[in-house]
Amino acid sequence: MDDEGREVLSYLDGHVAWEPRQPAAVSSDESLVTVARLVREFHDLTSGTPLAGDQEVVCHNDLSPKNTVYQLFSGELRPTAFIDWDLAAPGARIHDIAHVCWQYLGLGPSVTDVEEVARRMRLIVDGYGLSDRQRLVSTILWWQDRCWRGIEAQADGGDVAMARLRDAGSVRQVQAAYRWVSDHRAALERSVR
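Structure, rendered in structure tokens:
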């Protein structure tokens, strides 16, 4: 925001993880911890400000590798910034961290090693310094439920983009992810205690 309250946008050079196949550094443990620290940094910057309103912080609400800019540091890609802030709104810290866990870890039926993904979830919550860990998995489930129901409702209401998502199978994918998290809830909850 500038001095007159206008939103100022600029180009940010780097790599955005848009395609399914990415360099290993994008999903490395170091990158996950860096993502968590970046989220903590912008949460702390917005905490207690008018932007956060009566909520804890401003949440991005769509954090994923596709909305992350990676730049080279010592020859390795590392996350440096987030893009696509159109869903940003006041909210609870845990909402963004739950979304990070879902999206950056790919929580769902494609996960083949539950213990490994649980270990990496722990890296995220430790990297962020999340104190409210008991509600993390239930908040991931809340996000997934909200996501597929939102797509359905907006598609039924005539939103063309949401209808395309539904027709492409996004609702089924998110429902499958929800079932997977539900089925592995105990292991995931144990990992973040």
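Start counting the sequence shown at 1; every next residue gets the next number (full-length UniProt numbering). Note that the Cβ used here is the ideal one computed from N, Cα and C, for glycine as well. This one's a predicted model, so the numbers in the text were calculated from it and none came from an experiment.
- Rounded to whole angstroms, the separation of the alpha carbons of C101 and V137 is 9 Å.
- The three-state secondary structure of V33, taken from DSSP, is helix.
- DSSP, reduced to helix, strand and coil, places Y70 within a strand of the structure shown.
- Contact check for D84 against C59 fails: the beta carbons are separated by 8 Å or more.
- A direct Cα-Cα distance of roughly 21 Å separates V35 from V181.
- Distance from the CA of L107 to the CA of P65, rounded to the nearest whole angstrom, comes to 13 Å.
- N61 and P90 have their C-alpha atoms some 9 Å from each other.
- Per the coordinates, the alpha-carbon of R146 lies some 11 Å from the alpha-carbon of V171.
- Of G127, H43, Q71, L51, the smallest CA-CA separation from R93 is found for H43.
- Exposed is the label assigned to L72, since fewer than 16 other Cβ atoms lie within 10 Å of its Cβ.
- Nearest Cα to V69 within the set A52, V125, H15: H15.
- The residue among R40, L87, Y11 with its C-alpha nearest the C-alpha of V125 is R40.
- The beta carbons of R120 and L32 sit closer together than 8 Å.
- R78 places its beta carbon 8 Å or farther from that of R133.
- Annotation: R190 is outside any beta strand (DSSP E); the continuous alpha helix (DSSP H) that includes it extends over 185-191.
- Annotation: A81 is outside any alpha helix (DSSP H); the continuous beta strand (DSSP E) that includes it extends over 76-82.
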